[in-house]
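S.K.: The following block contains the structure, expressed as structure tokens.
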């Protein structure tokens, strides 16, 4: 046991004798305290203490035997007694020196102890668990009753008049029922907000600063209601209400939340208390307040007089009775109780039916065809029958209800090891210790809550102790050897609790609706009218799931920090695992240390090296994942709102954002639902694509992975291949020698740091590959789906982080479409073209030339397919080797088929945009020169903008070299397409000269022949020339970039973050604000973290202006992708994307290319920049109160100066073969 726990005094030893996993009864604690307390040991004289040295252990053993007899009489198995070290008792009581106690323990004490312990185990082992459960329940009842007596329910009112009125009513309760008091309160309640509350919105500064504290209070009340701690929520509400400063934090929704909780229990007296506080705060009740009061009356079956007065007052407040049933979210049971109360006053009242909203139609001209009714349209169906899909639904349902999934690891491990048994034994101990620590932590947090503070108690009650222990043990298992930042660990642990508490339990209803929904997708069913999945789901009358607010970041981190500290205290192991000859004492598994990262000192939780070694040698065979981190086994739910879609039971946000940020979600919820239909349907369509694993490629990758890896092919090497610390003259120990010079020491430190960095990177890459390959092996013979959501710019991403098609070359090669399609007359040609594209060769050749080149290489292609690891290995030289190999195998199967046109191909063929960001800029500015460089103009051969920029830079270099510039002379022969490509690609997405220099520096260091002494100077020179070349080639692009940058700078100076709406109607706001510091004190360390999403802070001008151009272009490329996806779906195609890389079957590439070009032209035929200008003027320049501001005036002038466009004709894009190719 750790020194911390033994340092808590004698009572700590008494608690050690309680049964594992549950605290002892109060009477037992008192008895034990009387035996071993300091008070008793101090009554003996020094002479008596000396005499007791010889028989001290005998007395102790007599006490233990008496305790055993007591337990036997009670029928309780005291399992932990036999593990108590006898030497520890004198330490608590102070009666004997430790050495003598240890010596005594070696004699008769050990014999007696073992004898009674064995007897105890054999006699009462069967009774142990049942008695512990009973004892735990009894203790829980005692504690709950004692705790609730300490919670204050009567409000402390600031108004003396109300306080005396409350006191009078309480004293006269028999003559004045609470219902009548409530009616009078409602009548006297303010009809509007008090002057203070009404004036608050005008002073937004202080109000914004209070918002974070209000969010924390609201989440606390919500958790109290979820976990059945309503009296605690009421107690905290009373405590805050009684202090004027804290009362400012309370809002009407908080009072309503507590009122609703009492209404559900039929506790009218407590509900009236809340109404007193509501009136005392100067707030007027709203529909939710009246709904809670009437619902409570309905449950109590009270008289009609009070109900009539309540309804009359509601009408006088301007609130409609029908609104109780249409505007307030109620469960079926709550609605019935509310109706029961209303009908006592109005027997003939009939509640209005829930209004069926009229079908909302998206009015965007870009989506008119998508939502036009056309009976001839043929949406694609899955290749699976209804029965098969229903079975898959049941499998996915089981996974999500379990919240985690265990997968066999592909790491090569022995079947059974001694270390694995040791680890299993340690985990059993840790579970017991974690249960105990959690109970103590809950007790401490409950005490804080009883004092009226916002403690973590209700959050810790959201999950069962068993679930929390499982999460903590998984965290310990996954901790890297070098440790993890405490802040990061706390954030991750807090998020895991939040995500698990959101799990909804509507299984039966969901099952029925999902079965009906599958009729639209199954291969053997029909629907009355073809429609989109979202439209079909909404037609089933599915009610909208209640939206749950996210927790504030401070709550997430504080909860995670508390759990991390529980893990640190509980996880201990024998010191013999670290030093075999050491005594069998317990040492911590986790250590808290400080380290410097990027010049900042941070706290790190680091596992003991012996534990890391134990994990490695144990070589466990399984990995555990959250259910939302793996692909789905059935089609995802269609997206119907910003917070409803994707997983069956686990809520997922349509727009992912930094935790704690609500501005994106608020924008989406304020947006008319029809405006989001395009985005909702595109996300649904991307998620409905069924996938399967490419088994042949997986086998080859696993062969390399379980051997020694192959970094050249993207298969990470195992830790055994990582660089070791230097030896000999470079050994770290030599730094301590006096004869070593400071320069040598510095070089040794640099070399050691370099090797450690490489080892850490290798370990990270290996773990990432292990997760991906283990999931691929787990899903090898299954069909699965990848639900999608999007970031704040509208770019789409799969929800599964470890196994998806957005990964590396290796990750993409492992996937293929589950549904095949015959190649048809042109499919084989597209497979050949795609294979040549993957090699990176013939980029500036025509499609026909690429097909011919594939035919020339057919022998190598077939050899690669047949003997990938033993043949000529041509595929290994490709830019994307694993995808090239997969394509070789597909081509081989197709050409060897009796009829290649009938061969059913599952292979996805890609079409990439030609520097897609520049394509959008050239189209926005109608820039003819730029358009020609990025293949917007038809041409016989594809244009390569990267090669053109490299050629222009070479011209500048030659001129400077002739003038004697040394760095230009050194660079002769080293300027290539590869050196400048990344910088050219990212310059349109806002890369700075500094970032561009780093990119070029990395490329130059990869060139072995380049003199490394000139890397820094050469990278500076080249980035300047690349920017100059782009300025000459894309003058229109640079002018639009400057306009966007200046607009964002001025908007942020007005005190607002930049907002805009995409052409598909998605509202976007940039989440860049000045950092606000949040500190969480206490525990292992005080955590301080910065939050850039605090909307009460001013915008970060630098990030706002630098981020606007790239984010705006990203929102355009996502709009283009979504339009292409929706139109391809309407034509019956399978379509997925990786941003500006579009995938489909080989047979459908020509159709997809046509749709892609048409939608690009339609998108840019809209006056995008003028629409943006109008929106920004209306949003930021139309307020009369700020119109005189100098920043608003400058912003207006800038926004009206929309960059002029060129003469490029967009219609030519429709005929450009190499626009996407």
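Numbering (this note's numbering), first residue to last: 609 to 1829. The beta-carbon is built from N, C-alpha and C at its ideal position, and this holds for glycine as well. Given the structure is predicted, the values throughout are model-derived calculations rather than measurements.
With a 10 Å radius around its C-beta and 16 neighbouring C-beta atoms as the bar for buried, classify residue 1816 as buried or exposed.
M.R.: Here the question's residue 1816 lines up with position 1208 in the chain shown. Buried: at least 16 other Cβ atoms inside 10 Å.
S.K.: What three-state label does DSSP hand residue 832 in the structure shown?
M.R.: As a first step, residue 832 must be located in the chain shown, where it is residue number 224. Helix at residue 832.
S.K.: Which first and last residues belong to the alpha helix (DSSP H) in which residue 1764 is found?
M.R.: The residue you call residue 1764 lines up with position 1156 of the chain shown. Segment 1757-1772, the alpha helix (DSSP H) holding residue 1764.
S.K.: Using 8 Å as the threshold, is the C-beta distance between residue 1708 and residue 1401 below it?
M.R.: By 1-based counting over the chain shown, the position of residue 1708 is 1100. By 1-based counting over the chain shown, the position of residue 1401 is 793. The answer is no: Cβ separation not under 8 Å.
S.K.: Figure out for me which residue from 1396, 1215, 1379 has the closest Cα to the Cα of residue 1291.
M.R.: Residue numbering aside, residue 1291 sits at position 683 when the chain shown is read from its first letter. Considering only alpha carbons, the answer is 1396.
S.K.: DSSP state of residue 1209, grouped into three classes?
M.R.: Residue numbering aside, residue 1209 sits at position 601 when the chain shown is read from its first letter. In the structure shown, residue 1209 sits in a strand (DSSP, three-state: E or B).
S.K.: Considering only DSSP beta bridges, list what residue 1439 is partnered with.
M.R.: By 1-based counting over the chain shown, the position of residue 1439 is 831. Per DSSP, none; premise fails for residue 1439.
S.K.: One question on the structure: do residue 1158 and residue 820 come within less than 8 Å of each other, judged by their Cβ atoms?
M.R.: The count along the chain shown starts at 1 and reaches residue 1158 at position 550. The count along the chain shown starts at 1 and reaches residue 820 at position 212. Not closer than 8 Å, so no.
S.K.: Decide if residue 1819 is buried, meaning its Cβ has at least 16 other Cβ atoms within 10 Å, or exposed.
M.R.: For the purposes of this step, residue 1819 is identified with residue 1211 of the chain shown, where counting begins at 1. Residue 1819 should be labelled exposed.
S.K.: Give the straight-line distance between the Cα atoms of residue 1409 and residue 1803, rounded to the nearest whole angstrom.
M.R.: Along the chain shown, one-based indexing puts residue 1409 at 801. Along the chain shown, one-based indexing puts residue 1803 at 1195. Looking at the two C-alpha atoms, the distance is approximately 41 Å.
S.K.: Using 8 Å as the Cβ pair cut-off and three pairs as the minimum, do the segment 1075-1086 and the segment 850-869 touch?
M.R.: no
S.K.: Let's test the definition: count the other Cβ atoms within 10 Å of the Cβ of residue 1597 and tell me whether it reaches 16, buried, or not, exposed.
M.R.: As a position in the chain shown, residue 1597 is number 989, starting the count at 1. Within 10 angstroms of the beta-carbon of residue 1597 lie fewer than 16 other beta-carbons, which makes it exposed.
S.K.: Need the endpoints of the alpha helix (DSSP H) that residue 1014 sits in, please.
M.R.: Position 406 of the chain shown, counted from the first residue, corresponds to residue 1014. Residue 1014 -> not in any alpha helix (DSSP H); beta strand (DSSP E) instead, spanning 1012-1016.
S.K.: Taking only the alpha-carbon atoms, compute the straight-line gap between residue 1105 and residue 1071 and give it to the nearest angstrom.
M.R.: Your numbering for residue 1105 matches position 497 in the chain shown. Your numbering for residue 1071 matches position 463 in the chain shown. C-alpha separation (whole angstroms): 7 Å.
S.K.: With a threshold of 8 Å, are at least 3 pairs of Cβ atoms found where one atom belongs to the segment 1727-1737 and the other to the segment 1274-1289?
M.R.: Yes, the segment 1727-1737 is in contact with the segment 1274-1289.
S.K.: Would the beta-carbon of residue 1293 fall within 8 Å of that of residue 826?
M.R.: As a working mapping, residue 1293 is identified with position 685 in the chain shown. As a working mapping, residue 826 is identified with position 218 in the chain shown. The answer is no: Cβ separation not under 8 Å.
S.K.: Helix, strand or coil for residue 1659? Go by DSSP, reduced to three states.
M.R.: By 1-based counting over the chain shown, the position of residue 1659 is 1051. Residue 1659: helix per DSSP, three-state reduction.
S.K.: I'd like the span of the alpha helix (DSSP H) that includes residue 1248, first residue to last.
M.R.: Mapped onto the chain shown, residue 1248 falls at position 640. Unbroken run through residue 1248 is the beta strand (DSSP E), 1245-1249; no alpha helix (DSSP H).
S.K.: Check this for me: beta carbons of residue 1387 and residue 1239, under 8 Å apart or not?
M.R.: By 1-based counting over the chain shown, the position of residue 1387 is 779. By 1-based counting over the chain shown, the position of residue 1239 is 631. Cβ distance < 8 Å, so residue 1387 and residue 1239 count as in contact.
S.K.: Are there three or more Cβ pairs, one per stretch, closer than 8 Å when the segment 1214-1226 is compared with the segment 973-980?
M.R.: no
S.K.: Which of helix, strand or coil does DSSP assign to residue 1617?
M.R.: The count along the chain shown starts at 1 and reaches residue 1617 at position 1009. Residue 1617: coil per DSSP, three-state reduction.
S.K.: Check whether the segment 1254-1268 and the segment 1300-1311 are in contact - that is, three or more C-beta pairs closer than 8 Å.
M.R.: no
S.K.: According to DSSP, what are the bridge partners of residue 1520?
M.R.: Sequence index remark: in the chain shown, residue 1520 carries index 912 (1-based). DSSP lists 1749 as partners of residue 1520.
S.K.: Compare the Cα-Cα distances from residue 991 to each of 1129, 921, 907, 901 and report the closest residue.
M.R.: Counting from one through the chain shown, the residue named residue 991 turns up at place 383. The shortest Cα separation from residue 991 among 1129, 921, 907, 901 belongs to 1129.
S.K.: Got a sec? Which residues, its chain only, sit under 8 Å from residue 1824 by beta carbon, not counting five neighbours each side?
M.R.: Locating residue 1824 in the chain shown gives position 1216, counting from the first residue. Cβ within range, chain order: 1543, 1544, 1545, 1546, 1547, 1765.
S.K.: Using the three-state DSSP reduction, which class does residue 1445 fall into: helix, strand or coil?
M.R.: Within the chain shown, the letter at position 837 stands for residue 1445. The answer is helix: DSSP assigns residue 1445 an H, G or I state.
S.K.: Quick check on residue 1398: does DSSP put it in helix, strand or coil?
M.R.: In the chain shown, the residue the question calls residue 1398 occupies position 790. Looking at residue 1398 - three-state DSSP - the assignment turns out to be strand.
S.K.: So what does residue 1695 bridge to, in DSSP terms?
M.R.: In the chain shown, the residue the question calls residue 1695 occupies position 1087. Partner(s): 1688.
S.K.: Given a cut-off of 8 Å, decide if residue 1060 and residue 1167 are closer than it, judged by their beta-carbon atoms.
M.R.: Reading the chain shown from its first residue, position 559 is the one you call residue 1167. Reading the chain shown from its first residue, position 452 is the one you call residue 1060. No, they are not a contact pair.
S.K.: Does DSSP put residue 1476 in a helix, a strand or coil?
M.R.: What you label residue 1476 is simply residue 868 of the chain shown in a count that begins at 1. Correct three-state label for residue 1476: coil.
S.K.: I believe residue 945 touches residue 1006 by the beta-carbon criterion, under 8 Å. Please report the beta-carbon distance rounded to the nearest angstrom.
M.R.: For the purposes of this step, residue 945 is identified with residue 337 of the chain shown, where counting begins at 1. For the purposes of this step, residue 1006 is identified with residue 398 of the chain shown, where counting begins at 1. That belief does not hold up - the Cβ atoms of residue 945 and residue 1006 are roughly 35 Å apart, past 8 Å.
S.K.: Within the chosen definition, does the segment 1630-1649 reach the segment 1251-1260 through at least 3 CB pairs nearer than 8 Å?
M.R.: no
S.K.: Just to confirm, are residue 971 and residue 1142 a CB contact at a threshold of 8 Å?
M.R.: What you label residue 971 is simply residue 363 of the chain shown in a count that begins at 1. What you label residue 1142 is simply residue 534 of the chain shown in a count that begins at 1. It is not a contact, given that the beta carbons lie outside the stated cut-off.
S.K.: Looking at C-beta atoms only, is the number of pairs between the segment 1530-1541 and the segment 1550-1565 that lie closer than 8 Å three or more?
M.R.: Result yes; three or more Cβ-Cβ pairs closer than 8 Å.
S.K.: Pull up the distance between the alpha-carbon of residue 1419 and that of residue 1186, whole angstroms please.
M.R.: As a position in the chain shown, residue 1419 is number 811, starting the count at 1. As a position in the chain shown, residue 1186 is number 578, starting the count at 1. Whole-angstrom Cα-Cα distance: 39 Å.
S.K.: Within the same chain, show all residues whose beta-carbon is closer than 8 Å to that of residue 1282, passing over the 5 residues directly before and after it, in chain order.
M.R.: Position 674 of the chain shown, counting from 1, holds the residue named residue 1282. Closer than 8 Å at the Cβ level, and outside the excluded window around residue 1282, lie 968, 969, 970, 971.
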